[in-house]
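The structure appears below as structure tokens.
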Amino acid sequence: MNTIESRSTQRKLVDGMQINGEVNLNKGGKSPQGQQGINTKVLKQGLCTGCAACVDLCPSTEYYKDNIILLHECDLVRGRCYDYCPRTPTDFEALRRALFDPRDMIPELGAFKGLYMTRAADKAVRTGAQHGGTVTALVQLALGEGLIDEAVLSDHDEQFLSTAQAVVDGDGVFGSAGSKFVVSPTVSAFTRSSQINPGKIGVVATPCQALALAKMKVNPALEDEIRMEKLGLVIGLFCGWALDWRRLQNLLQEKVGDTWIAGIDILPSKHACMEVYTEDKTIKVPIQEVTTCVRENCSYCFDMTCEFSDISVGSARSSEGWDVDKGWNQVIVRTALGEKLIARAREKGVLEFKEIQDTNIEKLKKASVGKKRACLLNLAKKTGSRDDLVYIDPEDPVVQYIRTLSSMQQLN
Amino acid sequence: MSSILLENKKGFEALLMGNDAISRGALEAGVSVVTGYPGTPSSEIVEQLAKVAHARNLYVEWSVNEKVAMEVAAAGSYARLRSMCVMKQVGVNVAADSLLHIAEYGIRGAMVLVSCEDPGALSSTNEGDSRPYAKMMEFPLLEPGDFQEAKDMAKWAFELSEDIRSIIMLRSVTRLSHASGNVTMGELPVVSPGARFECSGTPMDQMIGPILAFPTLIDSQRRRQLEKLSKAAAAFEKSPFNTYTGPEKPELLIIASSACQLYVREALSILDLWSRVGLLKLGTTWPLPQKLLGKHLSINERVLIVEEGTPFLEDNIKVLAAENAKQVGIKTFFGRKDGTLPPVNELNPDLLINGINHILGTTYQPVSDAYSSKAKRITAVGAPDRELTFCPGCPHRASFWLIHDVFKLDNRSGFLCGDIGCYSLGAAPCGFSTIKILQAMGSGTGMASGFGKLDQFGMEQPVMAVCGDSTFFHAVMPALVNAVHNQSDMILTVLDNSGTAMTGFQPHPGTPVGATGISLPMVDIEKLCRAMGIQVEVSDPFDLKGTRKIMLDLLENGGSPRVLILKQPCALSPGKKGEKKFEMSIDETLCLADQCGCNRFCTRVFKCPGLIWNTEKKITQIDEVLCVGCGVCADICPTGAIIAGEAR
Amino acid sequence: MENALKCDPYNLIIAGVGGQGNVLASRVVGDMMIHQGYKVTIGETFGASQRGGSVMSHLRISARGGFSPQMPKGKANMVVALEPMEAIRVLGTYGNPQVKMLCNTRPIQSVGVICGDQVYPEAKQIVQWIESLTADAKFFDTTHEAAKLGNPIFGNIMAVGALAATGDLPMSLKVFKDIISKKIPADKVEVNLKAYQIGRSLIGNR
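Residue numbers (our numbering), protein chains in the order written: chain X, 18 to 429; chain W, -5 to 642; chain P, 99 to 304.
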């Protein structure tokens, strides 16, 4: 994902993500709410995020090379795959009520307890990570402090194909550092790990993965109630979009042929391009070419800052620009657990903090609103109706807010 | 339990399968060389003769394919031995190139081609009809009409062949080959033939010259062959295998060949029409006995022609009637072309009853409307069709499961080209509908070789072919060489189950035995492929995890042909002796049954007949009678509820 | 030769599922008839698969012969069914109000039933249907009886024994013994004789 990287943590808080009674998260109507619904309403519509929330629940669905594959037909009219999918109809307001303090809600950014600019204190961590190493540091902290017993992280292979697995110590966390540009089956790794391991699990998640976890947490099926109690922490990653692996492969093949690639990075804002690092040189690929590799589903995403997490992390986009804050992260704290984690990080000195400009939050809001607005336009265009936003309720207060903002801007 | 084929009491009457009757006829004719390639409904002939090969001093082989079988049998004939070559109808197409040359040159020792055909394609990928070859390639054709005739005509075919020095085709159909009836045996001769190929004469001398298909020799060879056809036609005019039953001046003449004559007899008896309708049963169907047919045509105005396959007799009799219109007059013909009988599919007595009723305006109702509508109603609910499926423990189920899964995972709309064998069922639900193209022997690999070269036109779908071990030798090898030489981007998966399973475990070049059970060197498929310069992987389809990984890697690493050999003997193979590898059981506390998380994955999706879905207890169970303990279902169970325990 | 057939031709159908030994049963009956001077035609229908498909043998037994290996519709005199669903299937095409039936009651589930696409009818319902389509139907569990002999496959010979007990065809124990001794290995003769006898006793009085 075009985001920020990984790592860290702190002691477990009792009220990480609260559950608020019975909530109907899926407003599906009469159509099939099982694998068939996933197929017709998500996969065939180009909405699948590849989060893998539907994987490892049953033998009929698998994840392979950044795709969700329906291996064999399942004829159940109601299934967990459908219930947990972040792109089936979702009652966002119910999720927000269940997981966050209503007083913290900001329509543009979700629950908000504070914005920080941080980086890992450990230089080695910073070097391994692509931006500030904050996520890596936080995951290591959470593990070290016993806040969680294991952490589900994504990694990638030599072909930039993402994997996800649970690690139990700091070294494992370190190995997973660095930006990923292709989606990882993170939620399925959580499902697998929570099936066999008794302890608390932290997950480093993109917005779509965090949304799936939130749906699972707030309204688990009977057989998943124990599993979801093990979800101890969600560290979110800011995300603009992810790349389709096969298209990325083809692009890289076109640019560097069979030359070994040490790594790739995508630079934001005015530097916008993809850098491909080979053994002896750096090849710049124009961003216009890179965006042809973006997954279709990313244009239907309503969330840039990973609102359904305890704490979310992204690269710094300060008003001074990229160069000044290069190597730093911005962190949004959303829950009491997130608050506790960042406090512990400061206390233990695993993170360095930098003073943050007031304008930063406005910049973040603007970027987030931009993504939300594009999402609403794209969904309305897809369905041909402003009142049908596929998985988002048009009556949702945040949707209403964004639409009001837009019409005011048009008036101005 | 000695073979009935060796019964040497003249006049002994026994219940013989049509194919056994043909074998017996060949033995009574003193056959020495027997070759063939297995194929339903022909396989029993070579099989049974192989069993008596030692006792009767025969050379019997399962050849690599029908063309080679034809050539091996021809070698016997050219060395002055009586030889027979056996195949099913589609096999004749494989043999056709050699057949043409053998037919046009002529033979030395008697040579009979037996084509056992499958009207209605009960066990074939096509109906086919080999009889037009007899006309096209100019050799005589015989069609027995019952079991006794199958034996008698087989014997006579050898005599006729040697009389006129031409190959003879004996055509049987499923309802003779695989049906049984009374046969009275003749004598088994004492023969001690010597084999020698004479080539001391000139190419013009059929019996002692070199056998050459040179352009300059063709004119004389064809003229010679046409003379032989005339001799055959003369013999056919007085053949006892052409008989007439019925009144002197019938209202309708029925001309029927093969098993159809039995359907006609049955229909005429049921309709009680023997006083009004005559039956001319033809046993010699090419060249046509002109005088005999002319005589019957001239006294009948209406003619119904009844035959299995294409309207071969119908067309040729019409030509004959036209040529002799002055003598026989104008006729009205009925048959498969005018809709009196269906244009395709095999015939039966009921279709004949309908056809005759259509011509004569007679009526027939076997049971009351009330009974038949009740029976229909009950059958519709009470006896749904039994879908064809792989046997419990069949390695093909695991293989297609894997191929299905890897194509899905690969997600590039990859597809599978099938081939001929039990595994053709890979196109059916029991093979997860994995095969998308299914035609002739070897054609899967040939087509994959073609699809694998279409990338220059934007084709991005991966392509795989499957073939069985016997099929590999039969027709896949040239296609694979083609793929290698042209560097086609394709995968060939060889489903090696150690024998020609579908037709009853006949050996092939990859097995260490021959038709008669003798030890023979086996040709190693893996080594052959490696020698062609192909990347070869070998795996066990019952190792789902390992094989899946190999398949996915093969799919990912395209650009040139790759071969995967999946080795696991057929569940029915004599080698397995019905012994279970695992004792399967169910932990009912772990079975998720029809809940989300499984939804009867084993019985609903994998659907091995060795598993039972207990509708009352809502639980999966093992069918102790059918399960062969392969253990594959334990690997697909998501909760470990199916347990592969140690075999007792 | 005295014609001891109930009618001529006597049309017998032996039906079952691939793997039940249907073909051997029909050969044994055919051989027993030919042994006594009758003319027999047997036609077999089976699909491409070796096991699990519907299998049916048509036996045309006559003093004069010349009958088609495919029986005309509605012409069965007797149906021996090794499997109940197959019994119904046969009656749909070859049944008539006078037909008699000997039926093994043990079902063999088809793949369609296993995977849930089809429903196997209730045992009681099957009996009722068969009785409504036949003049005389007898039911027994040969699979169970055969399993007691060590292998359910003996159900086919038991069914032959039951057919003998109906008295429709001349099928004495002696003829059966003569025929079976020629068809199978010597060490299997005894158990087949036993199966034949059990089959006879299933029908009752003979």
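Think of the CB as a built atom: it goes at the ideal place given N, C-alpha and C, for glycine as much as any other residue.
Would you check if the distance between the CB atom of residue 217/X and the CB atom of residue 355/X is smaller than 8 Å?
-> Numbered from its first residue, the first sequence carries residue 217/X at position 200. Numbered from its first residue, the first sequence carries residue 355/X at position 338. Their beta carbons are not under 8 Å apart, which means residue 217/X does not touch residue 355/X by this criterion.
Between the region 386 to 411 of chain W and chain X, which residues of the former have a C-beta closer than 7 Å to a C-beta of the latter?
-> 399, 402, 403 and 405
Pairwise C-alpha distance: residue 170/P and residue 198/W | Within the second sequence, the letter at position 204 stands for residue 198/W. Within the third sequence, the letter at position 72 stands for residue 170/P. One C-alpha to the other measures close to 55 Å.
So, helix, strand or coil for residue 42/P, using DSSP?
-> The first residue shown for chain P is 99 and the last is 304, placing residue 42/P beyond what the model contains.
Taking Cβ positions, are residue 12/W and residue 148/W nearer each other than 8 Å?
-> The residue given as residue 12/W occupies position 18 in the second sequence. The residue given as residue 148/W occupies position 154 in the second sequence. For residue 12/W and residue 148/W, no; Cβs fall outside 8 Å.
Near residue 60/X, what residues of its chain come up, given a Cβ to Cβ distance below 8 Å and the 5 sequence neighbours on each side ignored?
-> Here residue 60/X refers to the residue found at position 43 when the first sequence is read from its first residue. Closer than 8 Å at the Cβ level, and outside the excluded window around residue 60/X, lie 85 and 87.
Would you please state the rounded distance, in angstroms, between the beta carbons of residue 277/W and residue 236/W? I believe it to be under 8 Å.
-> The count along the second sequence starts at 1 and reaches residue 277/W at position 283. The count along the second sequence starts at 1 and reaches residue 236/W at position 242. Rounded, the Cβ-Cβ distance is 6 Å, consistent with contact.
DSSP state of residue 488/W, grouped into three classes?
-> Along the second sequence, one-based indexing puts residue 488/W at 494. Strand.
For the alpha helix (DSSP H) holding residue 158/P, just list the boundary residues, first then last.
-> By 1-based counting over the third sequence, the position of residue 158/P is 60. Segment 152 to 160 is the beta strand (DSSP E) holding residue 158/P; no alpha helix (DSSP H) there.
Does the pairing of the region 494 to 507 of chain W with the region 404 to 420 of chain W give three or more beta-carbon distances under 8 Å?
-> yes
Contact set for residue 413/X: own chain, Cβ-Cβ below 7 Å, skip 5 residues either direction = As a first step, residue 413/X is located in the first sequence; it is residue number 396 there, counting from the start. Within the same chain, residue 413/X has close Cβ partners 109 and 110.
What's the C-alpha gap between residue 41/X and residue 639/W?
-> Numbered from 1 along the first sequence, position 24 holds the residue referred to as residue 41/X. Numbered from 1 along the second sequence, position 645 holds the residue referred to as residue 639/W. Here the model assigns residue 41/X a pLDDT of 38, short of 50, so the residue's position is not dependable, and the following value carries that caveat. Taking the straight line joining both Cα atoms gives about 44 Å.
Please go through the region 224 to 307 of chain W and give each complete alpha helix (DSSP H) segment of 4 or more residues, from N-terminal end onward.
-> 254 to 265 and 284 to 292
Endpoints, beta strand (DSSP E) assigned at residue 202/P | For the purposes of this step, residue 202/P is taken as residue 104 along the third sequence, with counting starting at 1. Note, residue 202/P: beta strand (DSSP E), 198 to 202.
Check each residue of the region 585 to 606 of chain W: if its Cβ is closer than 7 Å to any Cβ of chain X, include it; give the result in chain order.
-> 590, 591, 592, 593, 595 and 599
Given 8 Å as the limit, is there contact between the region 175 to 187 of chain X and the region 230 to 246 of chain X, that is, 3 or more CB pairs closer than that?
-> no
Beta-carbon proximity list for residue 289/P, same chain, < 8 Å, skipping 5 on both sides | If you number the third sequence from 1, residue 289/P lands on position 191. 247, 248 and 252, listed in sequence order.
Is residue 314/X close to chain W, meaning its C-beta is less than 8 Å from at least one C-beta of that chain?
-> For the purposes of this step, residue 314/X is identified with residue 297 of the first sequence, where counting begins at 1. No, residue 314/X lies away from the interface with chain W (no Cβ there is under 8 Å from its Cβ).
Beta-carbon proximity list for residue 156/W, same chain, < 6 Å, skipping 5 on both sides = As a working note, residue 156/W is residue 162 in the second sequence. For residue 156/W, where only same-chain residues beyond five positions count, the Cβ hits under 6 Å are 104.
Taking the alpha carbon of residue 172/X as the point to measure from, which residue in 377/X, 206/X and 397/X has its own alpha carbon closest?
-> In the first sequence, counting from the first residue as 1, residue 172/X sits at position 155. Nearest C-alpha to residue 172/X: 206/X.
Rounded straight-line distance, which links the Cα of residue 144/W to that of residue -2/W = For the purposes of this step, residue -2/W is identified with residue 4 of the second sequence, where counting begins at 1. For the purposes of this step, residue 144/W is identified with residue 150 of the second sequence, where counting begins at 1. About 16 Å.
So the beta strand (DSSP E) residue 135/X belongs to, where does it begin and stop?
-> Looking up residue 135/X in the first sequence gives position 118. It spans 131 to 137 - the beta strand (DSSP E) in which residue 135/X sits, taken as one unbroken run.
Mind checking whether residue 549/W and residue 456/W have CB atoms under 8 Å apart?
-> For the purposes of this step, residue 549/W is identified with residue 555 of the second sequence, where counting begins at 1. For the purposes of this step, residue 456/W is identified with residue 462 of the second sequence, where counting begins at 1. Their beta carbons are under 8 Å apart, which means residue 549/W touches residue 456/W by this criterion.
My understanding is that residue 271/W touches residue 249/W, with C-beta atoms under 8 Å, so please give their C-beta distance in whole angstroms.
-> Numbered from 1 along the second sequence, position 277 holds the residue referred to as residue 271/W. Numbered from 1 along the second sequence, position 255 holds the residue referred to as residue 249/W. Not confirmed; about 12 Å, so no contact.
Determine whether the Cβ of residue 119/P lies closer than 8 Å to any Cβ atom of chain W.
-> Start at 1 with the first residue of the third sequence, and residue 119/P comes out as number 21. No, residue 119/P does not count as interfacial toward chain W.
Name the two residues that bound the continuous beta strand (DSSP E) containing residue 460/W.
-> Position 466 of the second sequence, counted from the first residue, corresponds to residue 460/W. Looking at the DSSP string, the run of the beta strand (DSSP E) that includes residue 460/W is 457 to 462.
Are the C-beta atoms of residue 333/X and some chain W residue less than 8 Å apart?
-> Mapped onto the first sequence, residue 333/X falls at position 316. Residue 333/X does not count as touching chain W.
With DSSP as the reference, label residue 639/W as helix, strand or coil.
-> Looking up residue 639/W in the second sequence gives position 645. Strand.
Using a Cβ-Cβ distance under 8 Å, would residue 86/X count as near chain W?
-> Taking the first sequence and counting its residues from 1, one reaches residue 86/X at position 69. Residue 86/X counts as touching chain W.
In terms of DSSP beta bridges, what is residue 9/W paired with?
-> Position 15 of the second sequence, counted from the first residue, corresponds to residue 9/W. Bridge partners of residue 9/W: 176/W.
With a CB to CB cut of under 7 Å and the five nearest residues on each side skipped, what residues in its chain are close to residue 286/W?
-> Within the second sequence, the letter at position 292 stands for residue 286/W. Cβ neighbours of residue 286/W beyond the five flanking positions: 231 and 236.
Inter-residue spacing [alpha-carbon to alpha-carbon] between residue 187/X and residue 161/X | If you number the first sequence from 1, residue 187/X lands on position 170. If you number the first sequence from 1, residue 161/X lands on position 144. About 7 Å.
DSSP three-state call for residue 416/W: helix, strand or coil?
-> As a first step, residue 416/W is located in the second sequence; it is residue number 422 there, counting from the start. If DSSP states are grouped into helix, strand and coil, residue 416/W belongs with the helices.
Endpoints, the alpha helix (DSSP H) within which residue 370/W is located | In the second sequence, residue 370/W corresponds to position 376, counting from 1. Per DSSP, residue 370/W belongs to the alpha helix (DSSP H) from 363 to 376.
Environment of residue 59/W [buried if 16+ CB atoms lie within 10 Å] | To locate residue 59/W, count along the second sequence from 1; it is residue 65. Label assigned to residue 59/W: buried.
Verify the CB distance criterion: does residue 76/X have a CB-CB separation below 8 Å to chain W?
-> Counted from its first residue, the first sequence places residue 76/X at position 59. Interface residue, yes.
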